[in-house]
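Data first, discussion second: the structure below is written as structure tokens.
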Amino acid sequence: MGGGEGMGPVLKSTLESHEWTIPVKVRGFETQMEKWMGACDCIITKAGPGTIAEALIRGLPIILNDYIPGQEKGNVPYVVDNGAGVFTRSPNETAKIVTEWFCTKTDERERMSENALKVAQPEAVFDIIKDIHELARARGPLANTPYVLTASFSSLI
Numbered sequence: 110m111g112g113g114e115g116m117g118p119v120l121k122s123t124l125e126s127h128e129w130t131i132p133v134k135v136r137g138f139e140t141q142m143e144k145w146m147g148a149c150d151c152i153i154t155k156a157g158p159g160t161i162a163e164a165l166i167r168g169l170p171i172i173l174n175d176y177i178p179g180q181e182k183g184n185v186p187y188v189v190d191n192g193a194g195v196f197t198r199s200p201n202e203t204a205k206i207v208t209e210w211f212c213t214k215t216d217e218r219e220r221m222s223e224n225a226l227k228v229a230q231p232e233a234v235f236d237i238i239k240d241i242h243e244l245a246r247a248r249g250p251l252a253n254t255p256y257v258l259t260a261s262f263s264s265l266i
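The opening residue of the sequence shown carries number 110 in the working numbering; numbering runs sequentially from there.
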């Protein structure tokens, strides 16, 4: 279980005290989510762009269960319309989807995994760097561009 530090101690304590019928490891705030995502077959998360991007790159089918209005709302149709995941706020529906994906609808999970890989953009950061570099060159000499920016990215382009 990941999640922000704000949910931390109280939620962690509550989950640890629950008598689970399946093996569950409650970790609380997690600083190495990318490693845990590498061990997953699907992910349940809110519609944060960083988590979605990482999940798509890893080919993880996504169950979106919430979003921050405004800044994350548009991420929901992006995932759903591209067939890389589903959206539900219902814990019961989430449990049903996970059960189906791993029991009766494994083909659906596999298809969503394939779709996730199709829409993933692992090279996007390099495209952004190239765009910034081109904009800086179009504006004139790089002497006016802060050294930190040009030094950090010049080896990547």
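We put the beta carbon where it would ideally sit given N, CA and C, even for glycine. Please read these numbers as outputs of a predicted model, since none were measured by experiment.
Exercise for review: Taking only the alpha-carbon atoms, compute the straight-line gap between VAL133 and GLY183 and give it to the nearest angstrom.
Suggested key: 32 Å
Practice item. Let me know the secondary structure DSSP gives THR160 once reduced to three states. Key: helix
Exercise for review: Could you check how far apart the C-beta atoms of PRO170 and ALA193 are, in whole angstroms? I think they sit under 8 Å.
Suggested key: 7 Å
Review point. Using the C-alpha atoms, what's the distance from VAL188 back to MET110?
Key: Here MET110 scores only 47 on pLDDT, less than 50, and its place in the model is too uncertain to base an answer on.
**Study point:** Cα-Cα separation between PHE211 and LYS205, rounded to whole angstroms
**Key:** Cα-Cα distance, rounded: 10 Å.
Check your understanding: Using DSSP with H/G/I as helix, E/B as strand and the rest coil, what is ILE131?
Key -> coil
Point to revise | CA-to-CA distance, ALA247 to ARG198, given in whole angstroms | key: 46 Å
Exercise for review: State the start and end residues of the unbroken alpha helix (DSSP H) segment that holds THR215.
Suggested key: THR215 -> alpha helix (DSSP H) spans 215-228.
Check your understanding: So, LYS280 versus VAL135, is the Cβ gap smaller than 8 Å?
Key -> With the chain covering 110 to 266 only, the question about residue 280 has no answer from this structure.
Check your understanding: Could you check where the beta strand (DSSP E) with GLY117 kicks off and where it finishes?
Key -> Segment 117-126 is the alpha helix (DSSP H) holding GLY117; no beta strand (DSSP E) there.
Practice item. Can you check DSSP and say which residues form a bridge with GLY152? Key: According to the sequence shown, residue 152 is Ile rather than Gly. Paired residue(s): ILE171.
Check your understanding: Is PHE235 helix, strand or coil when you go by DSSP?
Key -> helix
Point to revise | PHE211, DSSP secondary structure in three states | key: helix
**Study point:** Exposure label - ALA233; buried when at least 16 CB within 10 Å
**Key:** exposed
Exercise for review: Let me know if ALA148 comes out buried or exposed under the rule of 16 or more other beta-carbons within 10 Å of its beta-carbon.
Suggested key: exposed
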